[in-house]
Amino acid sequence: MRTIIIFTSILIISLFNLNAQEQQKEILIVGTMHGVPKIVKRSYKPMLRRAKKYNPTAIYVESPRGNDSLSWEYLKAGWSKSYKAFYYLSDSIQKVFTPNTTKYNTILNTPFSEMTTTDLDFMMTNFAYHRDHANYQFYKYIKAHGISGAKKPTRNEDGDLTFKLALDKGIKLLTAMDDQRTNGKYHDAWAKCSKEGQTNGNNAINQKLNKKAYNSAMLPAIFRGLGKHTNKTKSLERLHKTSSFTYVEVETEGCTEGERYWNERNHRMAKNIAEQVMASDSERNIVIVGASHVIGLEKELKDNYPNLKIVLAGE
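No gaps in the numbering here: position 152 of the sequence shown is 151 in numbering that gives the first Met the number 0, and each next residue is one more.
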């Protein structure tokens with residue numbers, strides 16, 4: 000009798016653990032090249048196939064969240080003309096538009112194929128009102144290209160990967176996860192590190208890394224394998240070194256500041272991703288982000304959120 004009780008207890012515990020493992024939320028991180036030259040305009044096709052095969056239930060993108068006032072305080076006069084223009088568009092719409100939650104939810108529950116131009120215009124206005132840049136651009140893309148997406152390559156991750164993936168999977172909303180509040184300081188540190196590196200040998204090291212990266216990418220780019228190559232461990236580590244200034248042999252004030260700002264941004268991005276994933280019902284989550292961030296995000300997520308399963312696209 001005692002043996003039966005022990006066996007039953009072990010079986011119940013095993014089933015419980017198996018069920019917990021099956022319900023573990025997963026994050027697939029895909030590193031992108033952002034924009035690509037015309038000569039490699041179809042580089043995102045293999046990445047789109049990989050993303051479709053993963054069959055995500057949520058898509059996270061490198062875009063500032065609408066309620067991230069600190070990032071928008073910088074971006075309204077920051078490096079990006081697109082973000083700057085969107086900020087002031089949002090400001091103007093907030094003065095004249097009144098959100099209609101019922102209408103918004105009705106359209107959101109409508110299949111993409113049944114959304115009218117009027118519906119898309121309303122959604123774009125609503126997203127602009129809430130300073131939701133990612134979904135504003137998504138619905139603007141649908142209005143311009145239809146639910147099949149652009150016929151010709153747009154040569155960037157949004158048009159050739161993110162938006163087409165969302166349309167294919169019927170995902171109505173993209174989830175923003177970026178944080179750019181210290182990007183201005185990071186760019187200043189980059190310039191300072193570059194100036195310091197003119198005389199201490201650091202710039203020469205960086206130039207060798209960039210040349211090696213360029214040479215190693217030539218063949219993959221010719222045979223439409225640039226996306227796959229970019230997501231290989233060696234490529235990701237090389238990109239991480241360059242962006243985080245960990246390639247330097249002589250530590251300087253600018254390089255040290257740059258590394259700190261880079262790591263802090265990755266930390267905040269990982270926090271934005273993890274907290275939203277854990278608060279959602281989505282089990283298969285894909286993060287589409289500039290390849291330079293992949294190594295940093297992987298480390299932050301694994302170190303701070305061990306209950307999440309982290310997978311890289313190149314694995």
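Yeah, the Cβ is synthetic: ideal placement off N, Cα and C, and Gly gets one too.
Quick caveat: nothing in here was measured; it's all calculated off a predicted structure.
Within the same chain, Tyr140, Gly158, Phe162, Lys163, Leu166 come within 8 angstroms of Gly148 by CB-CB distance, once the 5 residues on both sides are set aside.
For Leu164, the enclosing alpha helix (DSSP H) stretches over residues 162 to 168. When secondary structure is reduced to three states using DSSP, Ala175 falls in the strand class. By the criterion of a C-beta distance shorter than 7 angstroms, Arg130 is surrounded in its chain by Gly65, Trp71, Ser89, once the five residues flanking it on both sides are discounted.
Going by DSSP, Ile58 is part of the beta strand (DSSP E) stretching over 57 to 63. Cβ atoms of Val29 and Ala57 stay farther apart than 8 angstroms, at about 13 angstroms.
Our two residues, Gln22 and Glu282, have alpha carbons roughly 7 angstroms apart in a direct line. If you draw a straight line from the Cα of Ser291 to the Cα of Phe126, it is about 28 angstroms long.
Nearest to Glu258 by C-alpha distance, out of Leu69, Ile272, Asn230, Lys240, is Lys240. Taken in chain order, the complete alpha helix (DSSP H) segments of 4 or more residues contained in the stretch 71 to 153 are 80 to 93, 100 to 107, 116 to 128, 132 to 144.
The beta carbon of Gly196 sits closer than 6 angstroms to those of Asn202, all from its chain and outside the five residues before and after it, given in chain order. The alpha carbon of Lys298 has as its nearest neighbour, out of Met123, Asn214, Arg41, Ala269, the alpha carbon of Ala269. Taking all protein chains shown into account, Asn284 has 16 or more neighbouring C-beta atoms within 10 Å of its C-beta and is therefore buried. In the three-state DSSP reduction, Thr198 falls in the helix class (H, G or I). Between Pro36 and Arg154, the gap from beta carbon to beta carbon is short of 9 angstroms.
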